[in-house]
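The structure appears right after this line, and notes come after that.
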Amino acid sequence: MNRKRRTTILVKAGASLAKEMAREVTEHYDVKEIVAPRNGLTMLKVRETAKQSLFYLGEVLMTETMVEIEGSLGKGMVIGLEEEWSRDLAIIDAAYGAKLPIIARWNQFLQAKEEAIINQENKEQAQLMETKVSFETMSI
């Protein structure tokens, strides 16, 4: 599972899932904090829908952390003042980089979580579409 997909699942699932996964690592491995959780700003990139061009909407407050596990660096970044969540994401990233044995089980779990998230998003989208007004069928 690649980093982008994994991080998307972890962010959509919420901080509690990342916390539990990071706890599993910290119980069995030495985690060295390279960069303590720190706040910063990053530019928020958005795709304009009509022309499909990218532009920067503005700056967003974010928290980033960097850790090392068995010689592998991991980085965690999250929007907002979320020091613990950022650290948990960094630990998970470093665990994948170090190819720890636990990641095989995590991959199966994250794939199931991804399916549940997609099902929930599809359900919400269907509910939203039920309220959509069709102007083509409206009479004047």
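Start counting the sequence shown at 1; every next residue gets the next number (this note's numbering). The C-beta atom is built at its ideal place from N, Cα and C for all residues, glycine as well.
query                                                                                               : result
From Val25, Arg3, Asp30, Ser86, residue whose alpha carbon lies closest to that of Ala36            : Ser86
Boundaries of the beta strand (DSSP E) in which Leu17 is found, first to last residue               : Careful: Leu17 lies outside any beta strand (DSSP E), inside the alpha helix (DSSP H) at 15 to 28.
Check whether Val11 and Val60 have beta carbons under 8 Å apart                                     : no
Nearest residue (CA-CA) to Gly71, options Asp30, Met43, Gln108                                      : Asp30
Cβ pair count under 8 Å reaching 3, the stretch 88 to 97 against the stretch 61 to 69               : yes
Under the three-state DSSP convention, the category Glu70 falls into                                : coil
C-beta contact flag for Ile9 and Leu110 at 8 Å                                                      : yes
Among Trp106, Asn39, Leu54, nearest to Gly76 - alpha-carbon criterion                               : Asn39
Beta-carbon spacing of Thr63, Glu33 below 8 Å                                                       : no
Residue environment, Met129, which counts as buried when at least 16 other CB atoms sit within 10 Å : exposed
Extent of the continuous alpha helix (DSSP H) to which Gly97 belongs                                : 83 to 97
Inter-residue Cα distance where the pair is Glu20 and Phe135                                        : 48 Å
beta-carbon Glu124 near the ligand MN non-hydrogen atom, thresh 7 Å                                 : Looking at this structure, you won't find the ligand MN or any other ligand, since it has none at all.
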